[in-house]
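Visitor:
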Amino acid sequence: MRKFQVSVPASSGNVGPGFDSMGLAVNLHLTLQVEEAEQWEIVPASSSAAVIDYKEHFIYQIANQTAERHQKQLPPCKVTEKSDIPLARGLGSSASAILAGIEIANQAGNLGLSNEDRLRYGTEIEGHPDNIAPALFGGLVISAAFDTEIERIEIPNLDMDIVVSIPDVELKTEAARKVLPDHYPRNLAASASGVSNLVVASLLQGDYKLAGKMMERDLFHEPYRAELIPNYDKIRNKAKENGAYGSIISGAGPTMMSFVPAGSGGEIANNMQSVLPDYDVKPLKIDTEGLKITYPS
Numbered sequence: 007m008r009k010f011q012v013s014v015p016a017s018s019g020n021v022g023p024g025f026d027s028m029g030l031a032v033n034l035h036l037t038l039q040v041e042e043a044e045q046w047e048i049v050p051a052s053s054s055a056a057v058i059d060y061k062e063h064f065i066y067q068i069a070n071q072t073a074e075r076h077q078k079q080l081p082p083c084k085v086t087e088k089s090d091i092p093l094a095r096g097l098g099s100s101a102s103a104i105l106a107g108i109e110i111a112n113q114a115g116n117l118g119l120s121n122e123d124r125l126r127y128g129t130e131i132e133g134h135p136d137n138i139a140p141a142l143f144g145g146l147v148i149s150a151a152f153d154t155e156i157e158r159i160e161i162p163n164l165d166m167d168i169v170v171s172i173p174d175v176e177l178k179t180e181a182a183r184k185v186l187p188d189h190y191p192r193n194l195a196a197s198a199s200g201v202s203n204l205v206v207a208s209l210l211q212g213d214y215k216l217a218g219k220m221m222e223r224d225l226f227h228e229p230y231r232a233e234l235i236p237n238y239d240k241i242r243n244k245a246k247e248n249g250a251y252g253s254i255i256s257g258a259g260p261t262m263m264s265f266v267p268a269g270s271g272g273e274i275a276n277n278m279q280s281v282l283p284d285y286d287v288k289p290l291k292i293d294t295e296g297l298k299i300t301y302p303s
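Following my numbering, the numbering of the sequence shown begins with 7 at its first residue and continues without gaps.
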């Protein structure tokens with residue numbers, strides 16, 4: 007088996023009102039070095055991480071599941087992890103791991119998967135495509151799943167910077183979903199859909215001020231999750247004072263993501279860090295490449 011490296015970006019699902027259907031890739035990455043070995047070994051990203059049996063490792067489980075789907079048995083591999091995607095913070099760490107596992111199976115098992123296969127397999131595991139699609143293709147991706155068919159529109163080039171405000175607390179997606187209603191009244195759903203449509207249309211036209219304004223008017227999930235997010239209102243207000251177009255809950259939270267004018271990310275992040283001393287505030291760029299495979303010599 008040829009030695010390879012797989013790199014998958016972080017992603018932010020929902021992007022305000024694009025609930026379970028809109029996602030954005032950003033330049034934090036999960037990177038795996040994979041080479042054939044005498045026995046399976048997974049070297050964790052952090053030296054302080056607990057060592058677990060490879061069979062219990064999520065990425066191995068995804069890789070093995072994908073190989074079994076094609077009636078293949080994977081050769082033993084040594085997998086060395088490196089990651090700057092924080093876990094359980096709303097930045098798509100599970101989607102990145104799922105795609106990495108699928109690609110290990112693809113490369114080590116010679117499965118010949120297409121991007122459509124990767125998208126379908128990842129969506130089946132994740133449950134919805136809003137993180138899987140941007141992590142795979144890069145940029146902003148709007149997608150919808152219909153049984154085994156997934157339609158998408160890719161918008162790779164948005165002229166904005168990103169600032170993320172990451173608290174030192176985790177929030178599991180399951181807990182964030184529990185606060186959502188099971189049903190929405192028709193009038194509310196119609197208004198929420200209109201807000202989402204305006205976000206997409208304004209992004210396509212480059213009207214980022216309107217896009218940010220509409221992102222902050224989501225009716226599908228943010229009003230219910232806001233109470234779970236530390237400093238939700240403070241971050242939105244301070245970001246706006248510093249010139250941000252708007253701020254959203256990244257995925258299910260607790261990270262907040264602010265969309266800011268291109269070239270201003272570093273300055274705004276510094277200003278936000280000064281009022282959020284217990285946060286990790288980072289300026290980021292939109293990742294336009296998505297999943298990447300390289301073959302080190």
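We put the CB at the ideal spot given by N, CA and C, even for glycine.
Counting pairs of Cβ atoms below 8 Å between the region 94-111 and the region 14-25, do you hit three or more?
Guide: yes
Visitor: What's the C-alpha gap between ILE65 and ALA94?
Guide: Locating residue 65 in the sequence shown gives position 59, where the first residue counts as 1. Locating residue 94 in the sequence shown gives position 88, where the first residue counts as 1. Answer to the nearest angstrom: the Cα atoms are 16 Å apart.
Visitor: Which class does GLN11 belong to by DSSP, given the choice of helix, strand or coil?
Guide: The residue given as residue 11 occupies position 5 in the sequence shown. In this structure, GLN11 counts as strand in the three-state DSSP scheme.
Visitor: Which two residues bound the contiguous alpha helix (DSSP H) that contains SER149?
Guide: Translated into positions along the sequence shown, residue 149 becomes position 143. Not the alpha helix (DSSP H): SER149 falls in the beta strand (DSSP E), residues 146-152.
Visitor: How about the region 111-130 and the region 79-96: do they share at least three Cβ pairs that are nearer than 8 Å?
Guide: yes
Visitor: What is the DSSP secondary structure of SER197, counted as helix, strand or coil?
Guide: Along the sequence shown, one-based indexing puts residue 197 at 191. Correct three-state label for SER197: helix.
Visitor: How is the alpha helix (DSSP H) around GLU180 delimited, first residue to last?
Guide: What you label residue 180 is simply residue 174 of the sequence shown in a count that begins at 1. Unbroken alpha helix (DSSP H) run through GLU180: 179-184.
Visitor: Beta-carbon separation of ILE161 and ALA139 under 9 Å?
Guide: Mapped onto the sequence shown, residue 161 falls at position 155. Mapped onto the sequence shown, residue 139 falls at position 133. No, the pair does not count as a contact, with Cβ atoms beyond the cut-off.
Visitor: Near LYS215, what residues of its chain come up, given a Cβ to Cβ distance below 7 Å and the 5 sequence neighbours on each side ignored?
Guide: Residue 215 sits at position 209 when you count from the first residue of the sequence shown. TYR251.
Visitor: Measure the Cβ-Cβ separation of LEU290 and VAL32 and say whether it is below 9 Å.
Guide: Taking the sequence shown and counting its residues from 1, the one referred to as residue 290 is at position 284. Taking the sequence shown and counting its residues from 1, the one referred to as residue 32 is at position 26. Against a cut-off of 9 Å, the Cβ pair of VAL32 and LEU290 comes out as a contact.
Visitor: Measure the Cβ-Cβ separation of MET28 and SER149 and say whether it is below 9 Å.
Guide: Position 22 of the sequence shown holds residue 28. Position 143 of the sequence shown holds residue 149. Yes.
Visitor: Cβ of GLY249 within 9 Å of Cβ of PHE143?
Guide: Within the sequence shown, residue 249 is the residue found at index 243, counting from 1. Within the sequence shown, residue 143 is the residue found at index 137, counting from 1. No. Outside cutoff.
Visitor: Give the single residue among ALA69, HIS134 and GLU228 whose Cα lies nearest to the Cα of SER256.
Guide: Counting from 1 along the sequence shown, the entry for residue 256 is found at position 250. Comparing Cα positions, the closest option is GLU228.
Visitor: Excluding five sequence neighbours on each side, which residues of the same chain lie with their C-beta closer than 6 Å to the C-beta of GLY96?
Guide: Walking along the sequence shown from the start, residue 96 turns up at place 90. If we look at GLY96 and ignore the five residues flanking it on each side, its Cβ neighbours are SER256, GLY257, ALA258, GLY259 and THR261.
Visitor: Quick one: complete alpha helix (DSSP H) runs, 4+ long, within the region 236-285?
Guide: 238-247 and 271-281
Visitor: Mapping the DSSP letters down to three states, classify GLY107 as helix, strand or coil.
Guide: To locate residue 107, count along the sequence shown from 1; it is residue 101. It is helical.
Visitor: Quick one: any contact between the region 36-48 and the region 172-188, if contact means 3 or more CB pairs under 8 Å?
Guide: no
Visitor: Find the nearest neighbour of TYR230 within the set TYR190, PHE265 and VAL201, judged by alpha-carbon distance.
Guide: In the sequence shown, residue 230 corresponds to position 224, counting from 1. Minimum Cα-Cα distance from TYR230 among the listed residues TYR190, PHE265 and VAL201 corresponds to TYR190.
Visitor: What is the DSSP secondary structure of GLY218, reduced to helix, strand or coil?
Guide: For the purposes of this step, residue 218 is taken as the residue at position 212 of the sequence shown. The answer is helix: DSSP assigns GLY218 an H, G or I state.
Visitor: Which residues in the same chain have their Cβ closer than 6 Å to the Cβ of ASN193, if we skip the five residues on either side of it in sequence?
Guide: Locating residue 193 in the sequence shown gives position 187, counting from the first residue. Hits under 6 Å: none found.
Visitor: Go ahead and pull the three-state DSSP assignment for THR86.
Guide: Here the question's residue 86 lines up with position 80 in the sequence shown. Look at THR86 here: in three-state DSSP terms it is strand.
Visitor: So the alpha helix (DSSP H) LEU80 belongs to, where does it begin and stop?
Guide: Here residue 80 corresponds to residue number 74 of the sequence shown, with the count starting at 1. It is not in any alpha helix (DSSP H) - LEU80 carries neither H nor E in the DSSP assignment.
Visitor: Let me check understanding here. Comparing Cα to Cα, which of ILE254, ARG158, PHE10 and PHE265 lies closest to GLY22?
Guide: Walking along the sequence shown from the start, residue 22 turns up at place 16. Looking at the Cα atoms, ILE254 is the closest of the given residues.
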